[in-house]
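See structure below.
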Amino acid sequence: IGVYGGIFLGGRLIPTFKPVTIPSSKSFLDTIDIEANLNRVNRDAKIEGTINFIGPWPENTGVVGVGAFTEIPKQGDILDYYFKSIFIDYTVSTFVEKADYMLRVHSADTVKYIAVLWIDNTFDMNTIQDVGFYIDPDDTTGTAPGIVTVPKDSTLKGIDITVDFSKMGALP
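According to my numbering, the sequence shown is numbered sequentially starting from 109.
Here is the structure:
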């Protein structure tokens, strides 16, 4: 919701990452001001669904998450995932056949991508990759992401995602 040195332009956080110097271990700073935009955390709508996992789980699975995004993030670019995310939940159960999920979103946002994210067991965020996404139900090719908007104080249900581990690394 804020970063020291960051500014907000049009509701988007632009981090400038100012360094902080602490002169000694007995020093303390009392003048660091961080502007926070609480609209990043005030969410008034929900998306729910089930993730179905097909095939054997990779043995080096560390964390699995599910996220709602304003655009498709560039694969493996953790900053792009951060800036395009509306909400990411990294508590999806691992080594299971299915898992239910719930994402909190802003009713004003158009969610253009809902994806299941995988990170290896070194927990290196640079290993992040999409392993499945919500497919547009009207797309006969099965390759177009579903786009959703959720009315204020509502829950959009049945936004199910299939993860086929044999296709890891082959998503947008």
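Yeah, the Cβ is synthetic: ideal placement off N, Cα and C, and Gly gets one too.
Item	Value
Between the CA atoms of TYR209 and PRO164 - distance to the nearest angstrom	21 Å
Endpoints, the alpha helix (DSSP H) within which ASP246 is located	Segment: none, ASP246 is in no alpha helix (DSSP H) and carries neither H nor E.
Counted within 10 angstroms of its Cβ, other Cβ atoms place LEU187 as buried (16 or more) or exposed	exposed
The beta strand (DSSP E) enclosing ASP50, as first and last residue numbers	Lying before the first or after the last residue shown, residue 50 is absent from the chain, which here runs from 109 to 280.
Reduced DSSP secondary structure (H/G/I, E/B, other) of SER135	coil
Opening and closing residue of the beta strand (DSSP E) in which LYS182 lies	Premise fails: LYS182 is in no beta strand (DSSP E) and is neither H nor E.
For TRP226, the first and last residue of its enclosing beta strand (DSSP E)	221–228
Three-state secondary structure assigned by DSSP to LYS286	Examination of residue 286 is not possible in this model, given that the chain is present from 109 through 280 alone.
Assumed close pair ILE194, ALA223 - CB separation to whole angstroms, cut-off 8 Å	In fact, because the Cβ distance is near 12 Å, the residues do not count as touching under 8 Å.
Identity of the residues DSSP links to GLU156 by a beta bridge	MET210
Three-way DSSP call (helix, strand, coil) for SER193 in this model	strand
Helix, strand or coil at PHE273 according to DSSP, with G and I counted as helix	helix
Three-state secondary structure assigned by DSSP to ILE267	coil
Nearest-angstrom beta carbon gap, VAL213 and VAL219 [assumed within contact, 8 Å]	6 Å
Run of the beta strand (DSSP E) containing VAL239, from where it starts to where it stops	237–241
Three-state secondary structure assigned by DSSP to VAL128	coil
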